[in-house]
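Encoded as structure tokens, the structure appears first; notes follow it.
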Amino acid sequence: TINKFFNNLSGAWIFYTAFPKIPFISPRFENIAQFAPLIGLIIGLLQSIIFSLFYGNSWSISAAVAISMSTGFLMTGGMHIDGLMDTFDGIYADKKKMLTAMKDSRVGSFGVQALFVITLIQFASLLEIRNQIFLALPISLLWGRFSTLIYIDKYEYINESSKSIPHKETWRGFLKESLLSIVLIFGYYFFAVIFFNDIGANCILLLSGTFICLTVPNYLGKRIGGFNGDTCGANTLIVETLMLFIHAIVL
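Just so you know, we're using the numbering used here here: the sequence shown kicks off at 3 and counts up by one.
What follows is the structure in structure tokens.
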């Protein structure tokens, strides 16, 4: 029903961001993953606005990018960064100790390296994208979260003792959970073609996004043996970073 739709959207807003609760709407936490791409799009738009405000008021490009990236980390509460570091610590641990390493509150060297590499690639990509940030950042964040829907649909939840919400319990199938995201993706590129008249570039970006969204979750799922909150966070950051990099090349 329409009430459940907005209740779940309110739950997703709380779960995926550090923003206050949406007023007058009681949150539910069923089927919230479907809203993650929309929330990513909104966060990307806010980051783009922040970049434009600083860059348009005589701040250097490097400073404006740094402020934009920092606000993005704050808006998500750093949940994807934490997942990235835990996942890479787990991947490079002994197979039998993988989940134990991911649960460990201490950050290992591989987690730090992963964060360092991801941050530098994003920073360099945004420096290259510059004034086209509205065409690149929001849709890249959407792609990152859309890929997690593919991940959840294809693999089983592991590490039940975690505090993460086991999305599989209320999963309705990929098509129902991803319909909103698919509409947003095609709508975004449709308007990009209409207003900027670059069919070739947008076709490349659409195909690249599809390929990356299939490849990264498949790699993580096979390597880890399923998904949990940490690996979904890692998947999101890796995909959005790759998409930012592709946008920096194509645009």
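Heads up, the beta-carbon is just placed ideally off N, CA and C, and yes, glycines get one too.
Remember, predicted model here, so these are calculated numbers, not experimental data.
Judged by beta-carbon spacing, Thr150 lies within the 8 Å limit of Ala35, meaning their Cβ atoms are closer than that value. For the pair Phe53 and Arg132, the Cα-to-Cα distance works out to about 9 Å. DSSP places Tyr94 outside both helix and strand once states are collapsed to three, so it counts as coil. The DSSP-derived three-state label of Tyr18 is helix.
With fewer than 16 other beta carbons inside 10 angstroms of its own, Ile4 counts as exposed.
The DSSP assignment places no complete run of the beta strand (DSSP E) inside the region 166-218 (cut-off: 3 residues).
At the C-beta level, Phe90 and Ile160 stay beyond 8 Å of one another. Taking the C-beta atoms as reference points, Met100 is found no nearer than 8 Å to Ile240. Of the candidates Ile184, Ile16, Thr172 and Pro140, the residue whose Cα lies closest to the Cα of Gln49 is Pro140. Cβ-Cβ separation between Phe21 and Trp15: approximately 6 Å, consistent with a contact (criterion under 8 Å). Between the alpha carbons of His169 and Trp61 lies a distance of about 42 Å.
For Tyr159, the beta-bridge partners assigned by DSSP are Phe229. For Thr78, the enclosing alpha helix (DSSP H) stretches over residues Ile63 to Thr78. Contact between the region 236-252 and the region 175-188 is absent: fewer than 3 CB-CB pairs across the two stretches fall below 8 Å.
DSSP places Ser142 in the helix class (H, G or I) of the three-state scheme. According to the DSSP assignment, Gln115 belongs to the alpha helix (DSSP H) that extends over Ser111 to Ile131. Residue environment: Ile135 is assigned as buried (16 or more neighbouring CB atoms within 10 Å of its CB, all protein chains considered). Between Ile45 and Gly74, the CB-CB gap stays under 8 Å. The C-beta distance from Pro39 to Leu186 rounds to 6 Å, short enough to fall under 8 Å. Between Tyr157 and Gly223 the beta-carbon gap is near 4 Å, inside 8 Å, which marks them as a contact. Distance between Leu216 and Val119, taken at the CA atoms: about 22 Å. Asp96 counts as exposed, since fewer than 16 other beta carbons sit within 10 angstroms of its beta carbon. The beta-carbon distance between Gly113 and Met87, rounded to whole angstroms, is 3 Å. This is short enough to meet the 8 Å contact definition.
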